[in-house]
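There are 4 protein chains.
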Amino acid sequence: MAKNLMKHGYPLVIYDVFPDACKEFREAGEQVVSSPADVAEKADRIITMLPTSMNAIEAYSGANGILKKVKKGSLLIDSSTIDPSVSKELAKEVEKMGAVFMDAPVSGGVGAARSGNLTFMVGGVEEEFAAAKELLGCMGSNVVYCGAVGTGQAAKICNNMLLAISMIGTAEAMNLGIRLGLDPKLLAKILNMSSGRCWSSDTYNPVPGVMDGVPSANNYQGGFGTTLMAKDLGLAQDSATNTKSPILLGSQAHQIYRMMCAKGYSKKDFSSVFQFLREEETF
Amino acid sequence: MAKNLMKHGYPLVIYDVFPDACKEFREAGEQVVSSPADVAEKADRIITMLPTSMNAIEAYSGANGILKKVKKGSLLIDSSTIDPSVSKELAKEVEKMGAVFMDAPVSGGVGAARSGNLTFMVGGVEEEFAAAKELLGCMGSNVVYCGAVGTGQAAKICNNMLLAISMIGTAEAMNLGIRLGLDPKLLAKILNMSSGRCWSSDTYNPVPGVMDGVPSANNYQGGFGTTLMAKDLGLAQDSATNTKSPILLGSQAHQIYRMMCAKGYSKKDFSSVFQFLREEETF
Amino acid sequence: MAKNLMKHGYPLVIYDVFPDACKEFREAGEQVVSSPADVAEKADRIITMLPTSMNAIEAYSGANGILKKVKKGSLLIDSSTIDPSVSKELAKEVEKMGAVFMDAPVSGGVGAARSGNLTFMVGGVEEEFAAAKELLGCMGSNVVYCGAVGTGQAAKICNNMLLAISMIGTAEAMNLGIRLGLDPKLLAKILNMSSGRCWSSDTYNPVPGVMDGVPSANNYQGGFGTTLMAKDLGLAQDSATNTKSPILLGSQAHQIYRMMCAKGYSKKDFSSVFQFLREEETF
Amino acid sequence: MAKNLMKHGYPLVIYDVFPDACKEFREAGEQVVSSPADVAEKADRIITMLPTSMNAIEAYSGANGILKKVKKGSLLIDSSTIDPSVSKELAKEVEKMGAVFMDAPVSGGVGAARSGNLTFMVGGVEEEFAAAKELLGCMGSNVVYCGAVGTGQAAKICNNMLLAISMIGTAEAMNLGIRLGLDPKLLAKILNMSSGRCWSSDTYNPVPGVMDGVPSANNYQGGFGTTLMAKDLGLAQDSATNTKSPILLGSQAHQIYRMMCAKGYSKKDFSSVFQFLREEETF
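Protein chains in written order, with my numbering: chain A, 1 to 283; chain B, 284 to 566; chain C, 567 to 849; chain D, 850 to 1132.
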């Protein structure tokens, strides 16, 4: 992502908790600093990308966080996938300092990040969206405005929850059909021309031998890991609990990916749920 | 369906447990007889369409069933949606009488039946498929060979199970997103260009106001009733229990549609699960 | 069970598909015959004990089944755990032959069978209950009349479904508590004096180290196998589907035990669901 | 609770966000103050009882919170049912001020509160337990030490999750049995002498007509409300997500009580899940 900003001619001020991650940029002549606060001192457009809600809170509100030195009028874009209620909290604190916060979680994986083809789902004040899009457009081919702060997260979480549900559903339907005597390729073809069709069945089929170029064709290597899916489903669960929204299948999908993590699937692509269900009874 | 056979010039021999259903055909000059056995006596290509496994067993093996008078070499096509293991049983009994049995459940609804645009999923001996297709092609634009007897049912059941799961998933994701502040149309658009995309989100969206011409735009009238979906999920459940296939979300979907039937949704389209989940807490 | 009848002085006529199982009785001077029909020819009180619905149908209605030679007025007691609707079907056929059928499934395990301490749940005509109790009382300390034919099965199935649910619930609650820092013995003690108390927590606790003399204290050897629990939950599922009864947790419990069977737990006691949930995420 | 402390001779300093709630105590001559901070200024043993985690944080860390004026060496006991991770956070902040924090959630309902028969589950430093017990013993007949801070909450949450699961399981099993033809009282009797036995079946049976003196005998009035159970299950869900503990049935129970709240059951006792499942299909 940072490299794509460089390619578009933006000078960078970089911080990462793992100094090695910055090496390449230092060698390329970019500034590498020693805390988020230092970034905020030198830059007025900042993009953050963190693994958890706690990490994001630390990066913004921690002892050496962005808020310690943020300049008035700065534009702060958080591309982490975190709890939408945390995004809203951060936005409030940023606003108190006279700056602007937007949440802009990303989808598309490592390949899309490299090629600048990510999708960004952006939440925040609509007037600032053009400014955000200028930057995000360097890294993504799709930059979608979703509404007030937190709605970027909401869109991402809802999509991934539906993705998890339809992936498990595809795995269950394919497995049941195979046990009932259907050929997997034929079954996939029938589903894909019928009302069961979904991205998990027609673009990312979880059954080995049905499609080429997907993780199921490569022993579930690469792709979107089970651990990451379990994390996103945890966020969906939290949001649903907070808003009192019933998610009967979403909850169950969360529990299934949680169990897969504990049974050796944590690093496999999330379509390996087919393999998880498939294991045969042995006597 | 029968009218489309007439249009293609086939003379008909008709039986229905409700005599009124035959009136129109009698007036059009077709033969109406008084039992399935009588049909079998006069015709050597027979299509049956019954609501349950028990009804199908009765029509074939009952006291006045087809098997009482079936002619050698007859082609019997059952278009009911029933338990695949029942289809296999019927096929065995039919074979003993020197005739051929194929299961050919249908999808597409009343509109597609009228316009001859049904999809047939056909299971049975491959050599007989051409003969079956000649007839079924008068009623459906898609006639797919699925494999041995029972696989037509299997394909239909697997598709409808995945459909139920992705419909409930779509309803949960849309509802959660709306409660998190997203506009429903925008959320549907985002899902449909992302990995959450499915037939239930892009063709048959369950949220009123998102699409035109679907049951959700018409108070969930018409379409595919909740009772019928609950019935198909019961068949999926039975098949999964018999083959020891885990269907964690499929089972849950079955229970959800079962509950909806008991809570006033039995005659509404199955996309009304959105309304079922949506009902607000009141104090 | 047969030995306890011998002890009470009843002469036996025995049949088993595995001839070796009869050896001991032959040596003890009891009659061993070569089919269920032969038993029916020689005895007028018959007790059957089969693993599945299909086996029971075969034993009664098969080519050499009991119904081929059953004498008028015979009392036929089926102690198999099978689908209540199959029990009702068998009862009808038996009645046609002028004999009486009762379903009397059993609970208590191998130990209780040996010591004559089984529990029998009996369904059938009330006037015949005394006659059934005379025999069943030789093998069980608890013989409970449940109502019309099939209600014995119904009671057993309902009990085992609730047992499965509360066992999984106990395992989930104990596991969650332990991860939250509670001592397992203390947590069990608190649950058992509170409203979470159940047989699975106070008599058969699934957590190793909490109780002595239960399968969890012995690496989940012995007890009631996961495969058998999965079978009984399949029956509960079928009965619920047939009667359109929602069983949200019962369905889920069924799927969980089904998955455990496929993951190496089939021969372990059903309380091993704690171990199944417990497995830690590894990196 | 406060009255039971008065009865034991403790002078009170009282604050409640609803001033009316303090009226009775003012008239009885107790001190009523205008903020949690004012309580902390005047008392060195403080008991808090709040409905949510957010309320508890406000009462301790808010602008007029206890921590603003807490005295060194004070003992702060929080009897709210909240997220154990919040209890731990509060404990840290309290400790920084040189005071002691314990979590002591309560079970038993309004009746037990009045009669001084509550159960307290206490988490915190063991050396302080005796001091806490002196106070809590005035209000409860059972004061159980559970371990480090947060384990009181953990014990309560685990108990209530298991309670919810076994209550729903009891309702499903009773409903299925009734539909299969069993008499409810007889079925309850059989379960209660078998392995399905649990508090929900033998002490608080959810089926009207089975027991006297329980909410099911009184149209589900009184008892423990569905909204409160949904809240506790939300806490269990959060704790499980945070600790990556799979709770397949616990999650499902959460969703079921969530849906009941949206369908008119929010103020009924949580055993009304039987009624919720029971509603008949109508045509």
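We put the CB at the ideal spot given by N, CA and C, even for glycine.
Keep in mind that this is a model prediction, so the values were computed, not measured.
**Request:** State whether the stretch 549 to 557 of chain B contacts the stretch 483 to 497 of chain B, with contact taken as three or more CB pairs (one from each stretch) at a distance under 8 Å.
**Result:** Contact check between the stretch 549 to 557 of chain B and the stretch 483 to 497 of chain B: three or more CB pairs, one atom from each, fall below 8 Å, which counts as touching.
**Nonlocal neighbours in the same chain, by C-beta distance under 8 Å from C:M663, ignoring five residues either side** = Here residue 663 of chain C corresponds to residue number 97 of the third sequence, with the count starting at 1. So the list reads L633, V636, K638, once near-sequence residues are dropped.
**Message:** Rounded to the nearest angstrom, what separates B:K550 and B:T509 at their Cα positions?
**Reply:** Numbered from 1 along the second sequence, position 267 holds the residue referred to as residue 550 of chain B. Numbered from 1 along the second sequence, position 226 holds the residue referred to as residue 509 of chain B. If you take the alpha carbons of B:K550 and B:T509, they lie about 6 Å apart.
**Message:** Using the Cβ count rule (16 or more neighbours within 10 Å means buried), how would you classify A:A173?
**Reply:** Here the question's residue 173 of chain A lines up with position 173 in the first sequence. Buried: at least 16 other Cβ atoms inside 10 Å.
**Prompt:** Which of helix, strand or coil does DSSP assign to C:C724?
**Reply:** Within the third sequence, the letter at position 158 stands for residue 724 of chain C. Of the three classes helix, strand and coil, the one that applies to C:C724 here is helix, per DSSP.
**Message:** Which residues in chain A have a C-beta closer than 8 Å to the C-beta of C:K829? List them in chain order.
**Reply:** Counting from one through the third sequence, the residue named residue 829 of chain C turns up at place 263. Within chain A, the residues placing a beta-carbon under 8 Å from that of C:K829 are K263, E279, ordered along the chain.
**Prompt:** Using a beta-carbon distance below 7 Å, is B:S368 in contact with chain C?
**Reply:** For the purposes of this step, residue 368 of chain B is taken as residue 85 along the second sequence, with counting starting at 1. False, the Cβ-Cβ gap to chain C never drops below 7 Å.
**Request:** Out of B:R480, B:P367, B:N400, B:G435, point me to the one whose CA is closest to B:L518's CA.
**Result:** Numbered from its first residue, the second sequence carries residue 518 of chain B at position 235. For the set B:R480, B:P367, B:N400, B:G435, the Cα lying nearest the Cα of B:L518 is the one of B:P367.
**Prompt:** Skipping 5 residues on each side, what residues in its chain have a beta carbon closer than 8 Å to that of C:Y581?
**Reply:** Sequence index remark: in the third sequence, residue 581 of chain C carries index 15 (1-based). Same-chain partners within the cutoff: C588, V598, V599, S600, S601, P602, D604, V605.
**Request:** Check whether the Cβ atoms of B:G420 and B:V426 sit closer than 7 Å, and answer yes or no.
**Result:** Looking up residue 420 of chain B in the second sequence gives position 137. Looking up residue 426 of chain B in the second sequence gives position 143. Yes.
**Request:** Return the bridge partner residues of B:L401 from the DSSP annotation.
**Result:** Start at 1 with the first residue of the second sequence, and residue 401 of chain B comes out as number 118. In the DSSP output, where bridge partners are listed per residue, B:L401 has B:G423.
**Request:** Assign A:H254 to one of two classes, buried (16 or more other C-beta atoms within 10 Å of its C-beta) or exposed (fewer than that).
**Result:** Within the first sequence, the letter at position 254 stands for residue 254 of chain A. By the C-beta density criterion, A:H254 is buried, having at least 16 other C-beta atoms within 10 angstroms.
**Residues near B:L532 by beta carbon distance below 7 Å, same chain, minus five either side** = For the purposes of this step, residue 532 of chain B is identified with residue 249 of the second sequence, where counting begins at 1. So the list reads I448, once near-sequence residues are dropped.
**Item:** Extent of the continuous alpha helix (DSSP H) to which D:I1105 belongs
**Value:** Numbered from its first residue, the fourth sequence carries residue 1105 of chain D at position 256. 1097 to 1109 is the extent of the alpha helix (DSSP H) around D:I1105.
**Message:** Here's the rule: buried if 16 or more other CB atoms are within 10 angstroms of the residue's CB, otherwise exposed. What is A:P51?
**Reply:** Mapped onto the first sequence, residue 51 of chain A falls at position 51. Its Cβ having fewer than 16 others within 10 Å, A:P51 is exposed.
**Prompt:** Whose C-alpha, out of D:S1094, D:R1107, D:P1095, D:A1089, is nearest the C-alpha of A:A240?
**Reply:** By one-based count along the first sequence, residue 240 of chain A stands at place 240. For the options D:S1094, D:R1107, D:P1095, D:A1089, the alpha carbon positioned closest to that of A:A240 is the one of D:R1107.
**Item:** Counterpart residues of D:G996 in DSSP-defined beta bridges
**Value:** Counted from its first residue, the fourth sequence places residue 996 of chain D at position 147. Paired residue(s): D:G972.
**Message:** Rounded to whole angstroms, what is the Cα-Cα separation between B:I340 and C:P671?
**Reply:** Counting from one through the second sequence, the residue named residue 340 of chain B turns up at place 57. Counting from one through the third sequence, the residue named residue 671 of chain C turns up at place 105. Taking the Cα positions, B:I340 is about 29 Å away from C:P671.
**Request:** Answer yes or no: does any C-beta atom of chain C fall closer than 7 Å to that of B:G420?
**Result:** Here the question's residue 420 of chain B lines up with position 137 in the second sequence. Chain C, which has no Cβ nearer than 7 Å to the Cβ of B:G420, makes this no.
**Request:** With 7 Å as the threshold, decide whether the Cβ of D:A940 is near any Cβ in chain C.
**Result:** Translated into positions along the fourth sequence, residue 940 of chain D becomes position 91. So no, D:A940 is outside the interface.
**Message:** In whole angstroms, give me the CA-to-CA distance for B:L445 and C:P750.
**Reply:** Against the second sequence, residue 445 of chain B aligns to sequence position 162. Against the third sequence, residue 750 of chain C aligns to sequence position 184. The alpha-carbon of B:L445 is positioned some 40 Å away from that of C:P750.
**Asked** Who are the neighbours of A:D238 on chain D, taking C-beta pairs under 9 Å?
**Response** Stepping through the first sequence from its first residue, residue 238 of chain A is reached at position 238. Near A:D238 (Cβ distances below 9 Å), the residues of chain D are Q1086, D1087, T1090.
**Request:** Identify the contact partners of C:I612 in chain B, using a Cβ-Cβ distance below 8 Å as the criterion.
**Result:** Within the third sequence, the letter at position 46 stands for residue 612 of chain C. Within chain B, no C-beta atom comes nearer than 8 Å to that of C:I612; the closest sits roughly 28 Å away.
**Message:** Applying the 10 Å Cβ sphere with the 16-neighbour rule, what's the burial state of A:Q252?
**Reply:** Counting from 1 along the first sequence, the entry for residue 252 of chain A is found at position 252. Under this definition A:Q252 is a buried residue.
**Asked** C:T848 to D:T968, Cα distance in whole Å?
**Response** Walking along the third sequence from the start, residue 848 of chain C turns up at place 282. Walking along the fourth sequence from the start, residue 968 of chain D turns up at place 119. Residue placement at C:T848 is flagged as unreliable, the pLDDT there being 49, under the threshold of 50; a coordinate-derived value is accordingly withheld.
**Prompt:** Within the 7 Å Cβ cut-off, does D:F867 reach chain B?
**Reply:** By one-based count along the fourth sequence, residue 867 of chain D stands at place 18. Under the 7 Å criterion on CB atoms, D:F867 is classed as non-interfacial with respect to chain B.
**Asked** If we ignore side chains and look at the alpha-carbon of each, how far apart do C:M777 and C:A783 end up?
**Response** Counted from its first residue, the third sequence places residue 777 of chain C at position 211. Counted from its first residue, the third sequence places residue 783 of chain C at position 217. One C-alpha to the other measures close to 7 Å.
**Request:** Kindly indicate if chain A contains any beta-carbon less than 7 Å away from that of B:R480.
**Result:** Start at 1 with the first residue of the second sequence, and residue 480 of chain B comes out as number 197. Judged by the 7 Å Cβ criterion, B:R480 is in contact with chain A.
**Asked** Under the rule that 16 or more other beta-carbon atoms within 10 Å means buried, what is A:R114, buried or exposed?
**Response** The count along the first sequence starts at 1 and reaches residue 114 of chain A at position 114. An exposed status is given to A:R114, since fewer than 16 other beta-carbon atoms sit within 10 Å of its beta-carbon.
**Message:** Please tell me whether C:L814 has its Cβ less than 7 Å away from any Cβ of chain B.
**Reply:** Here residue 814 of chain C refers to the residue found at position 248 when the third sequence is read from its first residue. Taking Cβ atoms only, chain B reaches closer than 7 Å to C:L814, which makes this a yes.
**Request:** Leaving out five residues on either side along the sequence, give the residues of the same chain with a beta carbon under 8 Å from the beta carbon of D:G999.
**Result:** Against the fourth sequence, residue 999 of chain D aligns to sequence position 150. Same-chain partners within the cutoff: P933, S934, S936, K937, A940, D952, G972.
**Request:** Only counting runs of 4 or more residues, tell me where the alpha helix (DSSP H) segments fall wholly within the stretch 68 to 113 of chain A, in order along the chain.
**Result:** Segments of the alpha helix (DSSP H) lying fully in the stretch 68 to 113 of chain A: 84 to 96.
**Message:** Going by beta-carbon coordinates alone, are D:M1078 and D:S1049 separated by less than 7 Å?
**Reply:** Numbered from 1 along the fourth sequence, position 229 holds the residue referred to as residue 1078 of chain D. Numbered from 1 along the fourth sequence, position 200 holds the residue referred to as residue 1049 of chain D. No, they are not a contact pair.
**Message:** With a threshold of 6 Å on Cβ separation, who are the neighbours of C:A720 within its own chain once the five nearest residues in sequence on each side are excluded?
**Reply:** Mapped onto the third sequence, residue 720 of chain C falls at position 154. Taken in chain order, the residues that qualify are P650.
**Asked** Hey, does A:V144 have any beta-carbon neighbour from chain B nearer than 7 Å?
**Response** Numbered from its first residue, the first sequence carries residue 144 of chain A at position 144. It does: the Cβ of A:V144 has a partner Cβ on chain B nearer than 7 Å.
**Request:** Report buried or exposed for B:D327, applying the criterion of at least 16 other Cβ atoms within 10 angstroms of its Cβ.
**Result:** By one-based count along the second sequence, residue 327 of chain B stands at place 44. Result: exposed.
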